[in-house]
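Reviewing the structure listed below.
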Amino acid sequence: MFIRNALLMVLLVVLSSFVMPFSFGQDKSIAGHAERPGPFQLFDNLFFVGTNTAAVWVLQTDQGLIVIDSGPSSETETLVENIRELGLDPNDIRYLIVTHGDYNQVGGAKRMQGEFGAVVLMTEEAWAASATQVGQEKGYMPPVRHLTATESGSVTLGRDRISFFKTPGHTPGVLSVGFTVYDDGYPHEAIIFGGVGVDTSDKMALGMYVKSIEKLKSLEGIDVNIPNGERLDDFFEKARIFKARLDGGIHPFVEPGEWARWLDGLLEEVRR
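Its first residue numbered 2, the sequence shown is counted upward by one per residue in the working numbering.
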């Protein structure tokens with residue numbers, strides 16, 4: 002394992018030094034959120050269709066598409082265009098899973114329900130929060146209530162299952178999700194922490210956040226950490242390396258052990 006990790010680090014350094022960057026559209030100012038990245042395929046069955054400000058994911062199954070988060074309503078058209086650009090059909094969307102009820106996660110839900118027939122799932126607390134977001138963004142309309150995601154629940158579509166973990170703290174209704182991704186047919190266990198960051202002056206929220214991190218740390222076998230809106234600058238930088246890898250090369254997003262180390266870092270941040 003040590004030798005493999007060492008080789009991976011050497012590969013990443015070499016690629017970042019000698020391979021010309023590719024473009025997700027014009028993304029020279031990702032940190033400043035000045036340009037929008039385009040969509041791309043990260044795993045055999047997982048696609049990034051968001052923007053430089055909102056992480057939106059599509060999980061492709063043999064029975065249709067599952068979308069995770071929907072960005073703000075102002076970017077819904079871009080989201081739909083990104084899905085089509087990757088050769089996917091938004092009419093195949095079966096479920097939209099929302100990680101928490103802020104307008105920048107749930108903004109596209111109303112259109113996905115009405116135009117594409119998506120069934121929307123989020124926690125009870127997130128449903129309540131989504132109804133309060135009117136006025137937070139011009140044009141935002143809350144979705145019609147569909148299904149409620151619960152602790153240890155899941156949704157299955159075809160051969161794929163997404164598992165639910167309630168992880169409050171960032172907001173009371175945060176939902177984290179776990180699922181299997183494939184790299185050239187080889188399976189890896191992936192997870193999205195649905196709400197990173199907390200108001201440390203809110204002691205109740207802080208306590209919930211710490212417990213949520215500890216819950217996620219107890220999960221075994223996680224080797225892919227997928228962002229849901231935070232850390233996007235780092236994500237796009239690593240995606241450049243992924244795009245440049247040779248066929249059969251090590252996938253830079255497959256990082257056994259990194260999930261637990263990253264969660265430890267979050268705990269250190271809030272305990273300072």
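We treat Cβ as the ideally placed atom computed from N, Cα and C, and that holds for glycine.
Note that the structure is a prediction, hence the values are computed from the model and not measured.
By alpha-carbon distance to Thr79, the top candidate from Leu60, Arg95, Gly108 is Gly108.
In terms of Cβ geometry, Gln106 and Val145 do not form a close pair [threshold 7 Å].
Of all alpha-carbon atoms in Asp184, Thr168, Glu126, the one lying nearest the alpha-carbon of Arg246 is that of Asp184. Secondary structure of Met142 (DSSP, three-state): coil. Taking the C-beta atoms as reference points, Thr62 is found no nearer than 7 Å to Asn229.
Between the alpha carbons of Glu116 and Ile192 lies a distance of about 28 Å. In this structure the stretch 124-136 lies against the stretch 165-184, because at least three pairs of beta carbons, one per stretch, are closer than 8 Å. Nearest to Gly39 by C-alpha distance, out of Tyr96, Leu87, Glu269, is Leu87. Within the DSSP bridge table, the entry for Ile69 names Trp58, Ile98 as partners.
Pairing Ser74 with Ser213, the inter-Cα distance amounts to about 28 Å.
By DSSP's assignment, Gly250 forms no beta bridge with any residue. Taking 8 Å as the upper bound for CB-CB distance, Gly65 and Arg95 are in contact here, some 4 Å apart. Rounded to whole angstroms, the gap between the alpha carbons of Phe194 and Ser177 is 5 Å. Note that the C-beta distance between Val182 and Val135 is not below 7 Å.
Separation of Phe166 and Gly140 (C-alpha to C-alpha, rounded to the nearest whole angstrom) is 30 Å. Listed as beta-bridge partners of Ser155 by DSSP are Ser164. Restricted to the stretch 213-273, the alpha helix (DSSP H) segments that are unbroken, complete and at least 4 residues in length are 233-245, 259-272, listed in chain order. From the listed residues Gln137, Tyr187, Asp161, the smallest Cα separation to Gly249 is found for Tyr187. Scanning its chain for C-beta atoms nearer than 7 Å, with the 5 sequence neighbours on each side dropped, one finds around Trp263 the residues Asn226, in chain order.
With distances taken between CA atoms, Ile223 lies nearest to Ala261 out of Ala261, His252, Asp90.
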